[in-house]
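**Student:** The structure that follows is given in the form of structure tokens.
2 protein chains.
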Amino acid sequence: MKQPIGIFDSGVGGLTVYNSIRKHFPYEDLIYFGDTARVPYGPKSPNTIIDYSLQNARFLLQHNIKILVVACNTSSAYALPHLSNLSDIPIISVIDPGARQAVTLSQKSRIGVIGTEGTIRSGAYTSEILKLNPQTQIWAVACPLFVPIVEEGWQDSQVAYDIANHYLSFFNDKEIDVLILGCTHYPLLKNTIQQVIGSSVTLVDSAEAIANYLCDYVDRDRYEVPGKDRFFVSDNEDKFARLAERILVNHPSYLKRVRLYESWFVDSTV
Amino acid sequence: MKQPIGIFDSGVGGLTVYNSIRKHFPYEDLIYFGDTARVPYGPKSPNTIIDYSLQNARFLLQHNIKILVVACNTSSAYALPHLSNLSDIPIISVIDPGARQAVTLSQKSRIGVIGTEGTIRSGAYTSEILKLNPQTQIWAVACPLFVPIVEEGWQDSQVAYDIANHYLSFFNDKEIDVLILGCTHYPLLKNTIQQVIGSSVTLVDSAEAIANYLCDYVDRDRYEVPGKDRFFVSDNEDKFARLAERILVNHPSYLKRVRLYESWFVDSTV
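Put into structure tokens, the structure is as follows:
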């Protein structure tokens, strides 16, 4: 029996990663989990992000996945060492492939990174880039309004342009030649970001980078039947289906809601 | 022993309600819960909002509260009948007081409502207003970017003005004389909203309205000692404390994180 590749994200943004993997591996079974009931992760604390990521991974591991792809940059930035304790299967984050591609593409070794508050605060891209090339100069800035702008469907609006202008003006005097889109939502804002940052800067889309990277771990086997897709979400599936139609080529045919059981307790350690 | 008044919100926005209650009832003990680990509620589905609201209420009921204030408009819009099944204590939402004040203030009986996607979709303000005055004409519009704008601290920026202009242009030909700020974050955008909508429109702040309304349920007793405050949040308390300083007069001295135990299961009914 084919073992699926598992992918999780805080919501719909990770579908850009899913798309890219589906394109490169048409015969693989894929299983996607979007934590739409608790999205967004970006503004939340490391401990909460780690808790949520572990729960998401446990859910996917129940489905006998052979490889775990962490499509959410914020989860990748904080939860990776914790996820490794869960299982022996390979775990691929978006940080490593994105950093690698940026270092390869930057001729000036001057790289910019944009992401959520959590991703930028973690310094994960910076330390990964410096491992690959310690001479690189790196500037990073959080763009918290980009996710809601995309979720609102305003990615090509004047407001999106103004907000991008505000955030990206930080790079004006930095002479970067590569900018990492360190959040799965940002590829959907690519046109606006490219327009603001200028054509001399190459944008690195982690969603694209990760699919190339997966080739080291997954054989491009040709099975008799094309790969199957299963989508799970923690909030209502209707809204996910609606947003997914803007990102996916096909309507998600297998889409189920996963519910949470929860109980509160006061953390006496804080 | 004094029984506290319990207040819950999806995050920090409900502190505008807390402020108003604290001002009007200086001798009451207050206990506030902000679900910062799962904020925002506005874009999520009714079922998820109901689940979260019930969990929040159960947490507060454990603290022997005598009255429950639902400071979150989205929770108020969907969860009220479900919350009533939990307990016999009075439950006060922000919808009813806001609607009542709007009807009292509107001389033209032409009222506008702004809120999150969830609140507007629910039609809760509309049906509450029509109960009070069936002749009222009501126009409602969702403003999903207002919450992230406030969380980002951009409430008085040009971007905030442009976004407000975009959303509120809907009311241009409606000749409303009252606009309900149907989300606890929106009072923090009051200046920008007033500037865009014009001085002929009176803004109704549910946070203010609810405190007046509470007088029907809580005696203004004078105890020997001023009321105590306890704050609980579901995500890290540091960030809440930082945001709270912009809203509260005092630094929250009693602030604890509450953690969740969770497990996933696939909902076979969907």
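Each protein sequence line maps, in turn, to chains S and F. The numbering used here puts the first residue of the first sequence at 1, with every later residue one more than the last. The numbering used here puts the first residue of the second sequence at 1, with every later residue one more than the last. C-beta atoms are modelled at their ideal positions from N, C-alpha and C, and glycine is treated no differently.
Quick one: Cα of glutamate 28(S) to Cα of arginine 220(S), how far?
**Tutor:** 8 Å
**Student:** May I ask you to list the residues that DSSP assigns as paired with alanine 140(S)?
**Tutor:** Val113(S)
**Student:** Is serine 157(F) near the ligand ZN, judged by its Cβ being under 6 Å from some heavy atom?
**Tutor:** By its list of ligands, the structure shown contains no ligand whatsoever, and the ligand ZN lies outside what it can speak to.
**Student:** Please classify valine 150(F): does DSSP put it in a helix, a strand, or coil?
**Tutor:** DSSP places valine 150(F) in helix when its eight states are reduced to three.
**Student:** Given this structure, state the Cα-to-Cα distance separating alanine 241(F) from tyrosine 223(S), to the nearest angstrom.
**Tutor:** 55 Å
**Student:** For the beta strand (DSSP E) that isoleucine 89(F) lies in, which residues bound it at each end?
**Tutor:** Unbroken run through isoleucine 89(F): none, as it is neither H nor E.
**Student:** Between the Cα of isoleucine 21(S) and the Cα atoms of Ser84(S), Asn212(S) and Asp238(S), which residue gives the shortest distance?
**Tutor:** Asn212(S)
**Student:** Give me, in chain order, the residues of the same chain whose beta-carbon lies closer than 6 Å to that of serine 268(F); leave out the 5 immediate sequence neighbours on both sides.
**Tutor:** With a pLDDT of 42 at serine 268(F), under the threshold of 50, the modelled position of that residue is not reliable, and the figure given next carries that caveat. Within the same chain, serine 268(F) has no close Cβ partners at all.
**Student:** Express the C-alpha separation of glutamine 107(S) and threonine 202(S) in angstroms, rounding to a whole number.
**Tutor:** 11 Å
**Student:** Give a yes or no on whether 7 Å exceeds the smallest Cβ distance from proline 148(S) to chain F.
**Tutor:** Interface residue, yes.
**Student:** What residues from chain S crowd round glutamate 151(F), counting only those whose CB sits closer than 8 Å?
**Tutor:** Pro43 and Pro144
**Student:** For valine 113(S) and valine 196(S), I'd like the C-alpha separation in whole angstroms.
**Tutor:** Computed Cα separation, rounded: 15 Å.
**Student:** Pairing CB atoms from the region 91–100 of chain F with CB atoms from the region 28–47 of chain F, are three or more of them under 8 Å?
**Tutor:** no
**Student:** Under 9 Å, CB to CB, which of the residues in the region 226–243 of chain F have a partner in chain S?
**Tutor:** Phe232, Ser234, Asp235, Asn236, Glu237, Asp238 and Lys239
**Student:** Which residue wins for smallest C-alpha separation from arginine 121(F), given the options Asn133(F), Lys131(F) and Ala142(F)?
**Tutor:** The residue from Asn133(F), Lys131(F) and Ala142(F) with its alpha-carbon nearest to that of arginine 121(F) is Ala142(F).
**Student:** Measuring CA to CA, which of Ile5(F), Gly6(F), Pro4(F) and Val12(F) is closest to glutamate 273(F)?
**Tutor:** Outside the displayed range of chain F (1 to 270) lies residue 273(F), so it cannot be described from this structure.
**Student:** Against aspartate 162(F), what residues of chain S qualify as contacts under a CB-to-CB distance less than 7 Å, listed in chain order?
**Tutor:** Val159 and Asp162
**Student:** Under 7 Å between the Cβ atoms of cysteine 215(F) and glycine 115(F)?
**Tutor:** Taking a C-beta distance under 7 Å as the contact criterion, cysteine 215(F) and glycine 115(F) do not qualify as a contact pair.
**Student:** Closer than 8 Å, Cβ to any Cβ of chain S: which residues of the region 48–61 of chain F, in chain order?
**Tutor:** Thr48, Asp51, Gln55, Arg58 and Phe59
**Student:** Output yes if chain S places a C-beta closer than 7 Å to the C-beta of arginine 22(F); else output no.
**Tutor:** No, arginine 22(F) lies away from the interface with chain S (no Cβ there is under 7 Å from its Cβ).
**Student:** Are the C-beta of arginine 38(F) and some C-beta of chain S separated by less than 7 Å?
**Tutor:** Yes, contact with chain S.
**Student:** Give me the chain F residues within the contact set of histidine 166(S), using Cβ-Cβ distance strictly less than 8 Å, ordered along the chain.
**Tutor:** Those within 8 Å of histidine 166(S) in chain F are Val159.
**Student:** When you compare the CB positions of leucine 15(S) and leucine 248(S), do they come within less than 7 Å of one another, or not?
**Tutor:** A contact, by the Cβ cut-off of 7 Å.
**Student:** Nearest CA to the CA of isoleucine 65(F): which residue from Asp35(F), Ala57(F) and Pro4(F)?
**Tutor:** Pro4(F)
**Student:** Can you find the residues in the same chain that come closer than 6 Å, C-beta to C-beta, to lysine 2(F), ignoring five residues on each side of it along the sequence?
**Tutor:** The residues Asp29, in chain order, have a CB closer than 6 Å to that of lysine 2(F) in the same chain once the five nearest residues on each side in sequence are set aside.
**Student:** What residues are listed by DSSP as bridge partners for isoleucine 7(S)?
**Tutor:** Tyr32(S) and Val69(S)
**Student:** Per the contact definition of three or more C-beta pairs closer than 8 Å, is the region 128–147 of chain S in contact with the region 169–180 of chain S?
**Tutor:** yes
**Student:** Find the nearest neighbour of proline 252(S) within the set Gly198(S), Asp9(S), Ala71(S) and Tyr32(S), judged by alpha-carbon distance.
**Tutor:** Ranking Gly198(S), Asp9(S), Ala71(S) and Tyr32(S) by Cα distance to proline 252(S) puts Tyr32(S) first.
**Student:** Would valine 70(S) be called buried (16 or more neighbouring beta carbons within 10 Å of its own) or exposed?
**Tutor:** Around the C-beta of valine 70(S), 16 or more other C-beta atoms lie within 10 Å, and the residue is accordingly described as buried.
**Student:** What would DSSP say about serine 234(F), mapped onto helix, strand or coil?
**Tutor:** coil
**Student:** Name the one or two DSSP bridge partners that valine 204(S) has.
**Tutor:** Ile180(S)
**Student:** To the nearest angstrom, how far is it from the Cα of isoleucine 89(S) to the Cα of valine 218(S)?
**Tutor:** 12 Å
**Student:** Could you tell me which residues DSSP puts in a beta bridge with aspartate 229(F)?
**Tutor:** Leu30(F)
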